[in-house]
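One structure is given below, encoded as structure tokens.
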Amino acid sequence: MSTATVTHDTLALAAAENLSIAQLPTWYDVDTVAELDRLRVQLSLHQNGQAIHTRKFLTLPSPFGRGARGEGGEGGKA
């Protein structure tokens, strides 16, 4: 589960172990069906070859038996 200090804590642990890190730009979490739907819309608007594994995952059958993953209607957490 995320906390307000997870990034800070992770960076501190990496520094303590003398590990190099790289940070990606901040985006948004996908924790709910609505947020998963938002991601699907974002990906459909930007056909730029990015997020190929995410796109493929979203085409797989839903474990809830209702079409592809992220098509909405599953209820609860995604």
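Under the working numbering, the residue at position 2 of the sequence shown is numbered 1474, and the numbers go up by one with no gaps. Glycine included, every Cβ here is placed at the ideal spot set by N, Cα and C.
Legend entry - proline 1535 versus threonine 1482 - alpha carbon distance: Cα atoms of proline 1535 and threonine 1482: separation of roughly 32 Å, rounded to the nearest angstrom.
Inset, instruction - Could you give the DSSP three-state label for leucine 1504: helix, strand or coil? - result: The sequence given here has threonine at residue 1504, not leucine. Collapsing the DSSP output to three states places threonine 1504 in a strand.
Legend entry - Top-ranked residue by Cα proximity to tryptophan 1499, from Gln1514, Ile1493, Ser1492, Leu1485: Here the closest residue by C-alpha is Gln1514.
Legend entry - leucine 1511 beta carbon less than 8 Å from that of valine 1502: Going by C-beta atoms, valine 1502 is nearer than 8 Å to leucine 1511.
Legend entry - Neighbour-count burial assignment, threonine 1479, 16 or more Cβ in a 10 Å radius: Residue burial is scored here from C-beta neighbours: threonine 1479 has fewer than 16 other C-beta atoms within 10 angstroms and is therefore classed as exposed.
Legend entry - Range covered by the alpha helix (DSSP H) that runs through isoleucine 1524: According to the DSSP assignment, isoleucine 1524 belongs to the alpha helix (DSSP H) that extends over 1524-1531.
Legend entry - Straight-line Cα distance separating alanine 1484 from threonine 1477: Whole-angstrom Cα-Cα distance: 10 Å.
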